[in-house]
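**Q** Starting off with a structure, shown below.
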Amino acid sequence: MRFDRDTYDGLSDEDKALYLQAVRDAQQDVPPPGEIAPQKGANQEGFEVVDDTGADEPRPGE
1 MRFDRDTYDG LSDEDKALYL QAVRDAQQDV PPPGEIAPQK GANQEGFEVV DDTGADEPRP
61 GE
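In this text, residue positions in the sequence shown follow UniProt numbering: the first is 1, and each later residue adds one.
Written out as structure tokens, the structure reads:
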């Protein structure tokens, strides 16, 4: 949920407070950017080696 000035301006003072709280609550649950699942984005600690086959072999030309 994003803050919308037109919606906010049309509310009563009591409803404005509730609207602001709802926007704040919604913004705290925003998933991380990109296509990373929230459970993955929250726990990224670094890169993960998926396949190291041939990592000990010299590269051609070395």
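Where is the CB? At the ideal position from N, CA and C, for every residue including glycine.
Going straight from the alpha carbon of Asp15 to that of Asp25, what length do you get?
**A** Taking the sequence shown and counting its residues from 1, the one referred to as residue 15 is at position 15. Taking the sequence shown and counting its residues from 1, the one referred to as residue 25 is at position 25. In a straight line, the C-alpha of Asp15 is about 15 Å away from that of Asp25.
**Q** Does Asp4 come out as helix, strand or coil in the three-state DSSP assignment?
**A** On the sequence shown, residue 4 is found 4 positions in, with the first residue counted as 1. The answer is coil: DSSP assigns Asp4 none of H, G, I, E or B.
**Q** Might you give, ordered along the chain, the residues of its own chain that have their beta carbon closer than 8 Å to the beta carbon of Gln21, omitting 5 neighbours on each side?
**A** Your numbering for residue 21 matches position 21 in the sequence shown. Hits under 8 Å: none found.
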